[in-house]
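For the working numbering, add 2 to where a residue sits in the sequence shown, where the first one is 1. Cβ coordinates follow ideal geometry from the N, Cα and C atoms, glycine included. Quick caveat, the model's predicted, so the values are computed rather than measured. Read the structure below first, then the notes.
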Amino acid sequence: MTRHFLDLSDAGGDALAAMLNDARARKAARASWPKGRADPDAPLAGHVLAMVFEKNSTRTRVSFDMAMRQLGGSAIILEAGSTQLGRGETIADTARVLSRMVDAIMLRTDDHGKIEQLAAHAAVPVINGLTDASHPCQIVADLLTIVEHGKALPGLEVAWLGDGNNVLSSIIEAAGLLRFNVRIGVPEGFDAEPAFIAAARARGAKITVCRDPHKAAAGADVVITDTWVSMGQSGADARIAAMTPYQVDAALMAHAKRDAVFLHCLPAHRGEEVTDEVLDGPQSVVWDEAENRIHAQKSVLLWALKKL
Ligand code: CP
Ligand code: NVA
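And the structure:
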């Protein structure tokens with residue numbers, strides 16, 4: 003069976019734990035090396051990844067490209083608008099053609115149904131590089147960052163502040179797979195996706211919705227936020243007005259544990275969802291988190307191509 007990675011549960015908890023271990027080991031083994039040098043075992047030598055972007059990206063684009071180089075393979079970047087997809091060639095036909103030409107496909111798009119369709123017609127692994135529904139690759143990097151900073155995942159208390167968006171959905175999914183707890187501080191009307199919450203609870207995670215941002219942050223090991231206006235969303239003014247009480251500032255961080263870390267998938271909107279003081283402060287691990295996109299993506303690629 004072709005291994006698609008549309009969401010974290012496609013891999014499951016055991017594979018996710020194996021990815022984190024592999025990412026840590028590979029990262030440690032190449033510390034201080036030039037970033038483009040291949041790992042000695044070059045497990046994806048001769049393999050090519052096609053990346054299709056229907057939305058902007060800095061981290062996902064560069065980290066997947068670097069991940070393929072470090073694994074001994076290479077990547078092709080396709081802006082969807084400049085391909086025949088942009089002129090109406092179907093996703094199914096694109097899947098069939100790319101499957102004959104490359105070894106794996108990554109897609110960043112809006113409607114999650116599009117990536118499901120791509121996977122349904124692809125003979126090679128399809129990886130979700132972000133949809134409106136979820137961002138699983140980001141969360142592999144986030145979990146790697148959290149464990150690197152000395153925090154065990156089972157029983158971990160994670161506080162999410164702001165918008166109940168795609169990144170949060172993947173955090174909630176990870177909570178179910180690896181048994182940690184999430185306190186969601188979001189305003190009414192911007193809630194997390196109920197299906198992700200129900201699935202995580204069914205797997206034994208404690209998922210709590212708090213309208214009071216301070217209660218959400220109280221005693222947390224990890225505080226996470228993201229933009230209040232995701233790519234493609236309208237009504238920015240109303241969203242910003244509703245979410246302003248959920249800004250992560252020094253006063254909010256003071257409610258978390260003293261050794262809590264702050265994560266943000268980036269790009270940040272300084273002065274909106276997070277203040278400079280927190281983003282640039284001692285509890286922020288966002289630059290490690292960004293670098294870890296490379297190491298996380300390597301383990302996702304190895305899993306999808308059955309090398310892990
Ligand atoms: N965090 C993230 O996915 O960043 P990009 O949008 O820059 O890829
Ligand atoms: N929630 C954001 C994440 C960007 C990496 C978005 O979808 O735009």
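Per DSSP, the unbroken alpha helix (DSSP H) holding GLY115 starts and ends at 114-123. Here LEU8 is near ALA121, since their CB atoms are less than 8 Å apart. THR96 and ASN23 have their C-alpha atoms spaced approximately 34 Å apart. By the 16-neighbour rule on beta-carbons within 10 angstroms, ARG185 is buried. THR133 has its CB no nearer than 7 Å to any heavy atom of the ligand CP. Residue pairing for TRP162: DSSP places it in a beta bridge opposite ILE186 and ILE226. The Cβ atoms of PRO215 and LEU163 sit closer than 8 Å to each other. A residue is called buried when at least 16 other Cβ atoms come within 10 angstroms of its Cβ; ALA47 does not meet this threshold and is exposed. At a Cβ-Cβ threshold of 8 Å, SER171 and PHE198 count as neighbours. Linking ALA77 to ALA33 through their CA atoms gives a straight-line distance of about 23 Å.
Note that the stretch 37-54 touches the stretch 108-128; at least 3 beta-carbon pairs, one per stretch, sit closer than 8 Å.
DSSP places THR210 in the uninterrupted beta strand (DSSP E) bounded by 209-212. Look at ARG28 here: in three-state DSSP terms it is helix. Within the model, the alpha-carbon separation for ALA244 versus ALA94 is close to 40 Å. Checking the DSSP bridge columns, you'll see ILE78 partnered with ALA52.
Apart from the 5 residues on each side of it in sequence, THR210 sits with its Cβ closer than 6 Å to the Cβ of ARG185 in its chain, given in chain order. Secondary structure at PHE198: helix, using DSSP grouped into helix, strand and coil. Straight through space, the alpha carbons of LEU73 and HIS297 are spaced by roughly 10 Å. Taking 7 Å as the cut-off, the C-beta of ARG61 counts as close to a heavy atom of the ligand CP. Cβ neighbours of ALA82 within its own chain (closer than 7 Å, five residues either side excluded): VAL54, PHE55, GLU56 and GLY88. ALA154 places its beta carbon 8 Å or farther from that of GLY187.
Cβ atoms of GLY38 and ARG71 come within 8 Å of each other, at about 5 Å. Inclusion of LEU265 and ASP144 in the CB contact set at 8 Å is warranted, their separation being smaller than that value. DSSP places MET108 inside the beta strand (DSSP E), whose first and last residues are 106-110. DSSP places HIS271 in no alpha helix (DSSP H); its state is neither H nor E. In this structure, TRP305 is the residue among TRP305, LYS309 and LEU310 with its C-alpha nearest to the C-alpha of HIS6.
Our two residues, ALA44 and GLY221, have alpha carbons roughly 43 Å apart in a direct line.
Approximately 5 Å separates the beta-carbon atoms of ALA202 and ILE174; this is inside 8 Å, confirming the contact.
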